[in-house]
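The structure under discussion appears below in the form of structure tokens.
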Amino acid sequence: SRMIQYQLDGINIDFESLNTADRGDVVNNFMAELSAYVKSTNPEAEISFAGPAVNWSGWKFQGLANSCDYIFIMGYSFWGSWSTTTGACAPLTGGSINIANTVNVQYSAVTQSAPEKLILGVPYYGLKWIARTSQPGASVIDWVSSTRFTTDQPNSQTYGLQWNTNNQVPWYRWQINDTSWYQVWFDNDSSLGLKYALAQSKN
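With my numbering, letter number 76 in the sequence shown gets 77, and the count goes up by one each step, no holes.
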């Protein structure tokens, strides 16, 4: 296999938008078989799975954790190009779904029984929209693009760094005209630090 050929340490499986019928026992059995096969040739190999932040339907996270070494929780994309309002890519708190809910509710069985098997992935990118107002959660006129921290940090100083206490994330804005604003929501050392602290508190 390529893993052996290139002396790789392991493999991460990332099925984006996995069909509901393939979740639960189906994917858990696949991961268990894959792990057994890979470890039969390289016992030191690490096998991980990219898991969703929210169990919309069908996932059995405890069984998934039992079938591989780690679950990499994709702790981002709570808002994005599809959103009708502006918001945080990875809200720590606020609303019904957020990172705290992911760790404490969605993955509660694993968080309590095998927290060392969970890796919390956090975003180093932001989200940019044209919005109808200057307010957080404004109606979206248009999606612009994803952004990078290297741009967001200096721009937030130029346009005025805002802090959303509901989601515990930074954002900034500037006016385009009488009826529209740019809004950019991103993560910085403060918001990422809170996410790291949550992960550390759960071991």
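Yeah, the Cβ is synthetic: ideal placement off N, Cα and C, and Gly gets one too.
A quick note: this is a predicted structure, and the numbers were derived from the prediction, not measured.
* **Residue from R24, Y197, G96 with nearest C-alpha to L65** => The closest CA to that of L65, considering only R24, Y197, G96, is found on R24.
* To do: For G127, write down the residues that DSSP places opposite it in a beta bridge.
  => T148
* Report the partner residues of M75 according to the DSSP bridge assignment. => G122
* Report the residue ranges of all alpha helix (DSSP H) runs contained in full by the region 51-113; include only those spanning at least 4 residues, in chain order. => 62-68
* P266 in three-state terms, based on DSSP -> Outside the displayed span of the chain (2 to 204) sits residue 266, for which this structure offers no information.
* Kindly indicate which three-state DSSP category Y38 falls into: helix, strand or coil? => helix
* To do: Examine the Cβ distances between the region 78-97 and the region 36-48 and report whether three or more of them are shorter than 8 Å.
  => Three or more beta-carbon pairs separated by less than 8 Å are not found between the region 78-97 and the region 36-48, which leaves the two stretches without contact.
* To do: Measuring alpha carbon to alpha carbon, tell me which of C90, C69, I131 ends up nearest V111.
  => When only C-alpha atoms are compared, the closest one is C69.
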